[in-house]
Amino acid sequence: HSTSRRQRQMCIRDSTKSKKTAAIFILIVAVLCLIGLSWQRFFWFDLSLKETVSAAGDRYGVDESLIFAVIKAESNFNERAVSPKGARGLMQIMPSTALFAAENMGIEEIMLGDAGQNINMGAWYLAYLAEKFGDERAVIAAYNAGENTVSGWLARGAMLDDIPYAETKNYVGRVEFFKKVYAALYK
Numbered sequence: 067h068s069t070s071r072r073q074r075q076m077c078i079r080d081s082t083k084s085k086k087t088a089a090i091f092i093l094i095v096a097v098l099c100l101i102g103l104s105w106q107r108f109f110w111f112d113l114s115l116k117e118t119v120s121a122a123g124d125r126y127g128v129d130e131s132l133i134f135a136v137i138k139a140e141s142n143f144n145e146r147a148v149s150p151k152g153a154r155g156l157m158q159i160m161p162s163t164a165l166f167a168a169e170n171m172g173i174e175e176i177m178l179g180d181a182g183q184n185i186n187m188g189a190w191y192l193a194y195l196a197e198k199f200g201d202e203r204a205v206i207a208a209y210n211a212g213e214n215t216v217s218g219w220l221a222r223g224a225m226l227d228d229i230p231y232a233e234t235k236n237y238v239g240r241v242e243f244f245k246k247v248y249a250a251l252y253k
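For the sequence shown, position 131 matches number 197 in our numbering, and the numbering has no gaps at all.
Okay, structure coming up:
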């Protein structure tokens with residue numbers, strides 16, 4: 067009798083814990099809604115950019131889940147993000163890359179703080195890298211480490227399964243993970 071009583075008490079405790087956890091989660095979502103922050107943005111992706119990302123993806127032939135994954139990895143959806151090396155905006159575009167992209171895109175005034183322009187430049191650059199490398203891992207690695215660096219690795223016979231730079235190897239893994247999750251949850 068004491069064993070079954072203990073089991074019932076444990077089940078009641080587990081049920082109470084589950085109810086408390088659910089209540090806390092609902093409370094957090096409610097508070098986020100009240101302050102105007104969506105649960106998707108808080109927990110994962112900011113879908114307010116979906117139209118802009120979809121349009122840029124369509125325009126340049128880049129999978130929108132890859133664009134979202136790069137944004138997540140680069141800036142975590144912070145439009146004002148600036149890296150110590152000077153990369154700016156949602157897709158963390160370097161000024162030299164912005165100049166290169168602007169020339170090729172016909173943009174006269176570069177505004178990396180503008181979400182739309184930043185996403186379009188980032189999508190254009192991903193398409194450029196895809197045309198150059200033809201392999202998504204190489205594209206992601208080049209977005210992080212630079213196209214000349216990745217070209218050098220490939221020329222020396224390096225395999226992208228074993229990326230020489232730890233930071234870039236981690237970055238590629240994160241982007242690939244974010245892309246899979248984004249594609250599974252939001253498409």
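No residue lacks a Cβ here, since even glycine has one placed at the ideal position from N, Cα and C.
Treat the numbers as computed from the prediction; the structure is a model and nothing was measured.
Exercise for the section: Please list, in chain order, all residues of the same chain as Arg259 whose beta carbon is under 7 Å from its beta carbon, the five residues on each side excluded. Expected result: With the chain covering 67 to 253 only, the question about residue 259 has no answer from this structure.
Handout entry: Chain-order list of residues whose beta-carbon lies under 8 Å from that of Pro230 (same chain, five-residue window excluded)
Key = Trp219 and Ala224
Handout entry: Stretch-stretch touch, CB-based, cutoff 8 Å, three pairs: the stretch 169-176 with the stretch 142-158
Key = no
Handout entry: Residue from Leu165, Tyr191 and Asn184 with nearest C-alpha to Phe210
Key = Note that residue 210 corresponds to Asn in the displayed sequence, not to Phe. Nearest C-alpha to Asn210: Tyr191.
Practice task
Buried or exposed for Gly200, please, with buried defined as at least 16 other CB atoms from any protein chain shown within 10 angstroms of its CB.
Solution key: exposed
Practice task
Please classify Glu130: is it buried, with 16 or more other beta-carbons within 10 angstroms of its beta-carbon, or exposed?
Solution key: buried
Problem - Option nearest Asn186 by Cα separation, candidates Ala167, Leu195, Glu197 and Lys198 - result: Ala167
Exercise for the section: Please state whether DSSP places Arg146 in a helix, a strand or coil. Expected result: Three-state DSSP puts Arg146 in coil, outside helix and strand.
Problem - Cβ neighbours of Thr234 in the same chain (closer than 7 Å, five flanking residues each side left out) - result: Ala207, Asn210 and Ala211
Problem - Residue interval of the alpha helix (DSSP H) (run including Gly123) - result: Lys116 to Tyr126
Problem - Cα-Cα separation between Glu242 and Ala135, rounded to whole angstroms - result: Approximately 7 Å between the Cα atoms of the pair.
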